[in-house]
Each structure stands twice: as structure tokens, then as C-alpha cells.
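S.K.: Reading the first sequence from the start, the letters are residues 29 to 466 in the working numbering. C-beta atoms are modelled at their ideal positions from N, C-alpha and C, and glycine is treated no differently.
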Amino acid sequence: MINVQLLRDPSFVEKLGLAAKQKRLDFDADQLAAAFENRRRIVGLVDEARARQKSLSNRFRDADHETRAGLQDQISRASDEVKVLTAQLNAAEAQVQGLALRAPNLPDPTAPVGTTDEDNDVIRHWGEPRRMEPDMLDHVELARRLELVEFDRAQKFAGSRSIALTGNGALLARAVLAMALDLLVVRGFRPVMPPVMVREEAMVGTGYFPLGVDDAYKADREDRFLVGTSEVSLVSLHRDEVIPLSNLPIRYAGVSSCFRREAGSHGRDTRGLYRVHQFEKVEQVSIIEADDELSAREQLALLDNSETVLKALELPYRVAVACTGEMGQGQRLKYEVETWMPSRAAYAETHSCSSFGDFQARRSNIRYRTSAGDAAFAYTLNNTAVAAPRILIPLLEHHQQGEGSVRIPRALRPYVNGLSSLDAGTSYSELVPAYAPA
RNA sequence: GGAGACUUCGCCUAGUCUGGUCUAUGGCGCCGCACUGCUAAUGCGGUUGGGGUCUUAAAGCCCCUCCCGGGUUCGAAUCCCGGAGUCUCCGCCA
């Protein structure tokens with residue numbers, strides 16, 4: 029949410045309009061400014077009317093019968109006036125809210141202006157991309173040979189974009205997620221397994237609604253929605269709070285299933301593990317003081333965590349600063365981490381690292397007590413640590429070593445019982461330590 | 001799923017039956033001042049949050065805010081309806 033008070037400044041309205049354009053959002057800043065002005069006017073009228081009614085009501089209370097009868101006319105007129113104006117105010121308020129929830133956050137001045145990912149600013153590469161050779165297999169074929177994934181069987185009863193990770197596929201996904209979670213825990217992030225079914229206010233509060241309603245699944249008859257990322261839950265944990273300064277920064281590592289309808293991407297990436305309706309993700313969320321410099325530093329720290337995961341997995345990647353056109357409504361600055369996927373012959377997004385300024389905090393009413401003693405809206409940031417099954421695409425393809433065998437990167441081995449490679453003959457029991465119930 | 005109790009300005013709490021100086025009580029915490037060699041203790045004062053208006057600014061004035069939303073009424077923390085949440089008991093369940 030933007031700070032609507034700023035709408036009184038024409039230069040802010042102008043910036044807002046520009047931001048909408050740069051972010052390619054259908055949003056009219058002047059319309060919002062007008063609605064806000066209208067609301068402010070009506071608030072004044074309502075206040076006056078109520079003050080009149082109040083004093084009349086007090087006179088009425090203290091009056092004798094005769095005086096009361098004389099007041100009757102005035103008092104009922106005042107009462108009606110308040111009712112009428114209040115109705116007007118409610119309508120005006122609803123209009124401001126409706127528009128304000130669609131207003132973009134201003135992009136960071138350093139963000140490249142542009143429309144598509146072509147305009148993103150690639151800032152670094154790591155690792156050596158591996159080209160597909162004739163004897164190499166894509167992840168779908170690898171998964172088939174190693175029996176890691178059920179595609180057809182899952183779609184039979186769950187529909188398109190549904191998969192089941194099975195056998196070593198399930199254990200591999202678990203290993204990657206566990207490794208990423210451990211890394212974050214070591215780096216001071218509090219692990220959280222949050223609710224994935226949340227009320228609408230959490231979706232609105234984190235900026236996914238109203239614009240993204242079509243992308244979310246409605247989970248039950250009580251208006252709960254399935255989150256597309258645990259960020260929604262992690263940020264919402266602190267809804268309506270005033271956080272003591274000493275508790276900041278708050279850093280969470282969320283582990284959850286994520287659900288996305290992928291509306292509007294019909295026919296895109298239908299093959300394989302790239303774009304599925306349900307996946308598992310370890311997510312990083314930070315809640316910090318409202319300070320741009322701190323935010324920039326925190327964002328780089330979150331970014332480094334993701335890069336550390338990819339380096340540990342020995343996967344080539346690149347980092348790009350997303351251009352304005354690729355940014356979401358609330359994002360101020362976004363780094364995209366793209367991992368090399370040989371079968372696509374391209375880097376493809378596996379991580380997204382965003383800063384929101386106070387956008388989410390305003391919507392979620394998350395404040396902190398500043399050293400000056402007053403309550404200010406906090407800043408929030410988030411980034412993927414790792415998401416499966418998508419990460420299995422580069423992991424399988426990049427580390428394949430012929431005959432459908434896949435090398436396990438060293439850092440991952442502790443999470444698969446020390447195994448150094450995987451082939452069709454590997455029993456999934458080899459990926460877990462010998463276990464004897466007490 | 002059934003029955004009941006509850007939700008008050010950071011936390012706890014009075015007030016709700018019997019609508020109106022509730023312009024919300026008291027305690028804790030916090031802030032300021034006094035006292036004190038320092039700390040503690042004590043005393044006095046202050047302390048919900050938001051909006052409107054005025055102003056260079058501050059102060060002031062006005063309105064809203066007793067979980068949320070409606071209703072009744074001249075007037076609602078208080079009465080009525082709907083929703084959310086917490087707790088207790090029963091049922092079911094991992």
C-alpha cells in the first residue's frame with residue numbers, strides 16, 4: 029500500500045503515474061488523487077455534522093419535556109444529515125481503498141526501466157554453462173530412467189501440471205530443501221512451517237490481492253486461500269503488531285508447499301518439472317527497520333544466501349536486476365537469480381529476491397518502535413532459498429554423466445547418506461541412513 | 001459438528017444486566033520532574049491510536065476509535081443481527 033497522505037502532493041501523484049506506466053500496470057494515479065481529495069472533503073462535512081448532532085443530543089438529554097419537543101425537529105434533521113453524509117463517506121472511502129490497493133509502489137531509482145526480461149540488467153555470472161550434447165538427456169528423460177517422477181499417473185487424478193516425486197526423486201528434493209534450510213538456520217534465520225491456507229487479509233496484506241486473485245486457489249468455503257509462497261504467511265505473522273526495536277531484524281526461513289494456478293500461462297512450460305501447480309519451497313523473509321541503506325544491505329545478504337545454495341549445488345547461474353516492467357506491484361528492487369538449464373539452453377528463473385520498502389508493512393499494519401519512540405512501518409524483503417521440483421531440472425541435467433547417471437554435488441551428499449552418484453540401479457534405501465527403531 | 005463463556009486505549013483490568021458528563025476506571029510498564037552520593041524505593045505529573053482543520057512550526061479546536069461489519073435510537077463500550085478470534089465441555093480425529 030502506498031501512503032495515501034502523499035497524494036496531496038501533486039509531484040507524488042505524477043511519480044505514481046509514472047511508476048504504474050513503468051511497471052505496466054493498469055492504474056490511474058489522477059483518479060486515485062481525485063478520490064482521495066473527495067474523501068477528505070466529505071470527512072470534513074461528516075465531522076461538522078456529527079459535532080452538531082452531538083451538542084444537540086446533549087441538550088436534548090438535559091432538557092425538560094417542553095424544550096425537548098422544541099428540539100425534536102432540529103435534532104432529527106441533524107441525525108438524518110449525519111446518516112446521509114456517513115453513507116457518502118463510506119462510499120468515498122471504499123473508492124479510495126479500492127484504488128489504493130491497486131497503486132504501485134515506486135520502483136527503486138536504480139532499477140532499470142524497461143518492459144521485458146530483455147531489459148533486465150545482468151550483473152554477474154557464476155559457473156560454466158553446459159551445452160546439451162547428443163548423448164545428453166533432458167530432465168524428463170532422466171527422471172523417467174531413474175524413476176524419480178510420476179507424470180502421467182499424477183495427471184490422471186490431479187490434472188495438468190501435477191506431478192508426483194517418487195523414490196529417489198522425493199529424497200533428492202528433500203535433500204535440497206533440507207540443505208537450504210540448514211544454511212539459513214546457520215545464518216540466523218528462524219525456521220518456520222507456517223499455515224499455507226490463509227484468509228484474504230493476508231493475501232491483501234502482502235500485496236498479492238486484489239491484482240493476483242486469479243493466480244490463487246480458494247481453499248475452502250470459509251474464504252481461505254492457498255498461498256503461492258510462504259512469504260505471505262511469514263510476513264503476516266506480524267500483522268497488526270508494533271515490534272520492539274530490539275527484536276529487529278526478524279529473519280525467517282519458511283518451509284512450505286506453494287500453490288499457483290498459473291492463470292494466463294496456458295500452454296507455456298507444460299512439459300516437465302518447470303511449471304507445476306504445487307511445489308515445495310524454502311523461503312527467506314526479513315522484516316527490518318525503515319531504512320533504505322539497511323534494506324539494500326539486507327537484500328544483498330538474502331541474495332548471497334541463494335547464491336551460496338547454487339554454488340553448493342555446483343550449478344551455473346547468473347544474477348540480473350529486474351527491469352521495472354518485470355517487477356510486481358509492490359516491489360521496489362528485484363534481483364532474479366537464473367540457473368542454467370541445459371535442455372532449455374538458457375538461464376531460467378529459480379530465485380526471486382525482492383525489497384518492498386514499507387509497502388507490505390502498510391498493508392499488513394506491521395510497525396516497529398523507533399529509537400525516537402514512535403511507531404513506524406517496517407520494511408520487508410524476501411527471497412527464495414530453493415524451490416523443488418524446479419531446481420531438480422538443472423541439478424539432473426547439469427550433473428548427468430552418461431547412461432542416465434547423475435553425480436551428486438559434494439555439499440548435498442550429507443543429505444543423501446553420503447551417496448556420490450545416482451543411477452537406475454540405485455535403490456532409494458541407499459539415500460537414507462540405516463535406521464533401527466529403538 | 002453440538003453447548004457455553006469471553007474479546008475494553010502496550011499488558012492486565014473496572015464498566016455492559018439498568019443506553020446519556022464513559023470526554024472509559026485502576027494496576028503494571030514507559031516518559032518527565034522531585035527526593036537521593038549512585039541505584040533502588042517513594043512522591044507528583046504525563047502516557048491508545050487514527051483522521052480533519054489551522055499554522056513556518058508548535059499549541060489549539062473538531063471527528064472517529066471499547067475485536068470487525070450492519071441495525072435500533074435524538075444518542076451505543078452498553079441493546080439486536082451477522083462475521084472473526086480465544087477458552088471450556090461433548091463428538092470426531094493424526
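So, for Val460: in the same chain, excluding its five sequence neighbours on each side, which residues have a beta-carbon less than 6 Å away from its beta-carbon?
M.R.: Cβ within range, chain order: Asn445.
S.K.: So, at 6 Å on beta carbons, what are the nonlocal neighbours of Phe237 in its own chain, with the 5 sequence-adjacent residues on each side left out?
M.R.: Excluding positions up to five away in sequence, the list reads Met231.
S.K.: Assign His305 to one of three DSSP states: helix, strand, or coil.
M.R.: Coil at His305, not helix or strand.
S.K.: Tell me which residues share the same chain as Lys82 and place their Cβ nearer than 8 Å to its Cβ, disregarding the 5 neighbours each side in the sequence.
M.R.: Excluding positions up to five away in sequence, the list is empty.
S.K.: In the DSSP output, what is Val224 paired with across the bridge?
M.R.: None, per the DSSP bridge assignment.
S.K.: What's the C-alpha gap between Val112 and Val226?
M.R.: Cα to Cα, the separation comes out at about 36 Å.
S.K.: Determine the closest residue to Gln33 out of Arg67, Val304, Lys51, Leu330, with distance taken between C-alpha atoms.
M.R.: Measuring from the Cα of Gln33, the nearest candidate turns out to be Arg67.
S.K.: The ligand FAD and Leu174: does any heavy atom of the ligand fall closer than 7 Å to the residue's C-beta?
M.R.: With respect to the ligand FAD, the structure offers nothing, as it holds no ligand at all.
S.K.: Is DSSP giving Val263 helix, strand or coil here?
M.R.: If DSSP states are grouped into helix, strand and coil, Val263 belongs with the helices.
S.K.: Using the C-alpha atoms, what's the distance from Ile421 back to Pro277?
M.R.: Answer to the nearest angstrom: the Cα atoms are 34 Å apart.
S.K.: Buried or exposed, going by whether 16 or more other CB atoms sit within 10 Å of the CB of Lys362?
M.R.: Buried: at least 16 other Cβ atoms inside 10 Å.
S.K.: With H, G and I counted as helix, E and B as strand and the rest as coil, what does DSSP make of Ala281?
M.R.: In the structure shown, Ala281 sits in a strand (DSSP, three-state: E or B).
S.K.: Go ahead and label Asn275 buried or exposed: buried means 16 or more other beta carbons lie within 10 angstroms of its beta carbon, across all protein chains shown.
M.R.: Counting Cβ neighbours within 10 Å, Asn275 comes out exposed, since fewer than 16 surround it.
S.K.: Near Thr114, which residues of its chain fall below 7 Å by C-beta distance, leaving aside the five closest residues on each side in sequence?
M.R.: So the list reads Val74, once near-sequence residues are dropped.
S.K.: Are the region 447 to 458 and the region 326 to 340 touching, with three or more C-beta to C-beta distances below 8 Å?
M.R.: Not touching, per the Cβ criterion.
S.K.: Is it true that the CB of Asn86 sits closer than 8 Å to the CB of Ala390?
M.R.: Residue 390 is actually Arg in this sequence, not Ala. In this structure, Asn86 does not lie closer than 8 Å to Arg390 by Cβ.
S.K.: Give me, in chain order, the residues of the same chain whose beta-carbon lies closer than 8 Å to that of Cys381; leave out the 5 immediate sequence neighbours on both sides.
M.R.: Taken in chain order, the residues that qualify are Gln327, Leu330, Leu331, Ser334, Lys362, Tyr363, Glu364, Val365, Leu409, Asn410, Asn411, Thr412.
S.K.: From the DSSP output, read off the bridge partner residues of Val347.
M.R.: Paired residues: Arg152, Val365.
S.K.: Check for me: the alpha helix (DSSP H) holding Arg202 runs from which residue to which?
M.R.: Here the alpha helix (DSSP H) through Arg202 covers 196 to 214.
S.K.: Is DSSP giving Gln428 helix, strand or coil here?
M.R.: Note: Gln428 maps to strand in three-state DSSP.
S.K.: Check the DSSP bridge columns for Thr412 and list the partner residues they point to.
M.R.: Note: Thr412 sits in a beta bridge opposite Glu311.
S.K.: At what residue ranges does the region 113 to 192 contain a whole run of the beta strand (DSSP E), taking only runs of 3 or more?
M.R.: 149 to 154, all fully within the region 113 to 192.
S.K.: Under a three-way DSSP split, which group does Pro219 fall into?
M.R.: Note: Pro219 maps to strand in three-state DSSP.
S.K.: What is the rounded straight-line gap between the Cα of Arg418 and the Cα of Ala201?
M.R.: Distance between the alpha carbons of Arg418 and Ala201: 10 Å.
S.K.: Tell whether a beta-carbon distance below 8 Å holds between Glu169 and Ala192.
M.R.: No, they are not a contact pair.
S.K.: Bridge partners for Tyr375 per DSSP, in chain order?
M.R.: Trp368, per the DSSP bridge assignment.
S.K.: If we call anything under 8 Å between Cβ atoms a contact, is Asp242 one with Arg288?
M.R.: Against a cut-off of 8 Å, the Cβ pair of Arg288 and Asp242 comes out as no contact.
S.K.: In chain order, what residues of the same chain lie with their CB nearer than 6 Å to the CB of Trp154, ignoring the 5 residues before and after it?
M.R.: Cβ within range, chain order: Tyr345.
S.K.: Output the boundary residues of the alpha helix (DSSP H) element that contains Val337.
M.R.: Counting along the chain, the alpha helix (DSSP H) containing Val337 begins and ends at 320 to 340.
S.K.: Closest to Tyr306 by C-alpha separation, out of Gln312, Val255, Asp268, Glu317, would be which residue?
M.R.: Looking at the sequence itself, residue 306 is Gln, so the reference to Tyr does not match. When each option's Cα is compared against that of Gln306, the closest is Val255.
S.K.: Looking at Ala376: is its Cβ nearer than 8 Å to the Cβ of Ala318?
M.R.: Not closer than 8 Å, so no.
S.K.: In the DSSP assignment, find the unbroken beta strand (DSSP E) run with Leu35 in it and report its ends.
M.R.: Element bounds for Leu35: n/a, residue is neither H nor E.
S.K.: How many Å lie between Met29 and Thr367 at the Cα?
M.R.: C-alpha separation (whole angstroms): 32 Å.
S.K.: Let me check understanding here. Comparing Cα to Cα, which of Asn148, Glu94, Met207 lies closest to Val347?
M.R.: Of the listed residues, the one whose Cα sits closest to Val347 is Asn148.
S.K.: What three-state label does DSSP hand Lys51 in the structure shown?
M.R.: Looking at Lys51 - three-state DSSP - the assignment turns out to be coil, as it is neither helix nor strand.
S.K.: Just verifying my parser: in three-state terms, what is the DSSP assignment at Leu440?
M.R.: DSSP places Leu440 in helix when its eight states are reduced to three.
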